[in-house]
Amino acid sequence: MVSKTLTKLIDEGVVPAILLILAKMGGLLFAVFFFHLSFTLKVGGVLKILPTLDFVNTQGYITAENYSNLAMFLTSSLGTTFVLIRAHFFHESHIHPQVQSKLHKLNLQNIIQPTYHLYHQAAIWLLFLWLTTAYLIVSAFLKITYVQITVIAFIVSANFSWLFAIDVEKEIEISQQK
Amino acid sequence: MKKRHIFYTLANFSAFLLLTALIAAPFYFAKKSTSVAGVKTEAAYLVISQIEKFPGMGFTQKDETYSLSLPGTADAYVGILILTNPSKEAKTYRLGSENNIFFGENLEDKLKSVTLPAGTSIPISLLSNRNREIEFKIL
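Chains as they are written, first to last, in the numbering used here: chain A, 275 to 452; chain B, 35 to 173.
The following block contains the structure:
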């Protein structure tokens, strides 16, 4: 049989991958409509499914790239934030009893997740976050993305990784106490 | 038992490939979703035809030779083509032709050679003579 971890990672990876593609498309549309950029739309330009935009000039291309890359980064950051909040405050292994009873009263116990689910989700979101940051770094070197965005992305990714590491440490401590 | 082991290995390898494809997909799309028209060209220049302004005029290219067929015997055809320097540096262009074809739109100053800064354009015009077929090269 296929490894449980691989199956779980594939399962958790579908939604973030779709969200990142939608974010890129949304960022492009935002830039095109708000900055009135001239472009040609090619239907089926990527893998004969997804559309591509050919910009008339380099400035338009850079503006669209910056906003769409920023949208991708914000999406991966929001996803990671959501998972980190769940890992720190709604983690089955160390949820505060008062929070747990409140959630039960509100019939929201589904928010509480076990380590297995949370860590696979966190691994996927952090991977996407770091890959987005790497993409921004390469773009910045190619003078497409503004350096400021890339620096902020790196700082955010590093801090999110650190926050995740804190939760992993807590989890290790709990498992050693058992 | 051995068959089963090979099946497990193949299944896990396929799952790993699927996961890699899934993770790479958004970045592949991000890379391919935008481009700049004309930037990828390594041509020394870009020629944009404006002959629709002159009804009946024809414009063809064979190898490096451009041909214009004129509709009548007008005195001048201003801005028939637009030449663009697509590179990131200034370039000098020369018109190779015995005819009255020149850079710019000034009939008093018919430029046969011009230096264009990066990303800039210049019109190409023609002062007519008896020839209805004009051939020229951009050097």
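Cβ atoms here follow ideal geometry from the backbone N, Cα and C, with glycine treated the same way.
Taking a contact to mean a Cβ-Cβ separation below 8 Å, would you say Arg166 of chain B touches Ser103 of chain B in this structure? yes
The alpha helix (DSSP H) spanning Val421 of chain A covers which residue range? Val421 to Gln451
Comparing the C-beta of Tyr79 of chain B with each C-beta of chain A, is any distance below 8 Å? The Cβ of Tyr79 of chain B sits no closer than 8 Å to any Cβ of chain A.
Using CA coordinates, which residue listed in B:Ala77, B:Glu86 and B:Ala64 is at the minimum distance from Leu321 of chain A? For Leu321 of chain A, the closest alpha carbon among the candidates B:Ala77, B:Glu86 and B:Ala64 is that of B:Ala64.
Spatial neighbours of Phe434 of chain A in its chain, beta-carbon cut-off 6 Å, leaving aside the 5 residues before and after: Cβ within range, chain order: Thr354.
Using the beta-carbon of each residue, which ones in chain B are nearer than 8 Å to Lys298 of chain A? Listed along chain B, the residues sitting closer than 8 Å to Lys298 of chain A by beta-carbon distance are Pro60, Phe63, Ala64 and Ser67.
Would DSSP call Ser67 of chain B helix, strand or coil? coil
Given a cut-off of 8 Å, decide if Phe356 of chain A and Ile386 of chain A are closer than it, judged by their beta-carbon atoms. Cβ distance not < 8 Å, so Ile386 of chain A and Phe356 of chain A don't count as in contact.
Could you give the distance in angstroms between the alpha-carbon of Gln451 of chain A and the alpha-carbon of Phe402 of chain A? Roughly 33 Å between the two C-alpha positions.
Counting Cβ pairs closer than 8 Å, one from the segment 299 to 312 of chain A and one from the segment 337 to 353 of chain A, do we hit at least three? The segment 337 to 353 of chain A and the segment 299 to 312 of chain A touch, with three or more beta-carbon pairs separated by less than 8 Å.
Any C-beta of chain C sitting closer than 8 Å to the C-beta of Tyr335 of chain A? Of the chains in the structure shown, none is chain C; the protein chains are A and B.
Helix or strand or just coil, what does DSSP make of Phe364 of chain A? coil
Relative to the C-alpha of Phe88 of chain B, which residue among B:Thr118, B:Lys122, B:Ile114 and B:Thr149 is closest? B:Ile114
Residue nearest to Lys417 of chain A in terms of C-alpha spacing, selected from A:Thr349, A:Thr332 and A:Trp404: A:Thr332
Quick one: does Ile156 of chain B have its CB under 8 Å from some CB of chain A? no
Across which residues does DSSP place Thr94 of chain B in a beta bridge pair? B:Ser101
Identify each residue in the segment 102 to 136 of chain B for which the Cβ-Cβ distance to at least one residue of chain A is less than 9 Å, and report them in chain order. none
Where Asn165 of chain B meets chain A, residues with beta-carbon distance less than 9 Å: Within chain A, no C-beta atom comes nearer than 9 Å to that of Asn165 of chain B; the closest sits roughly 36 Å away.
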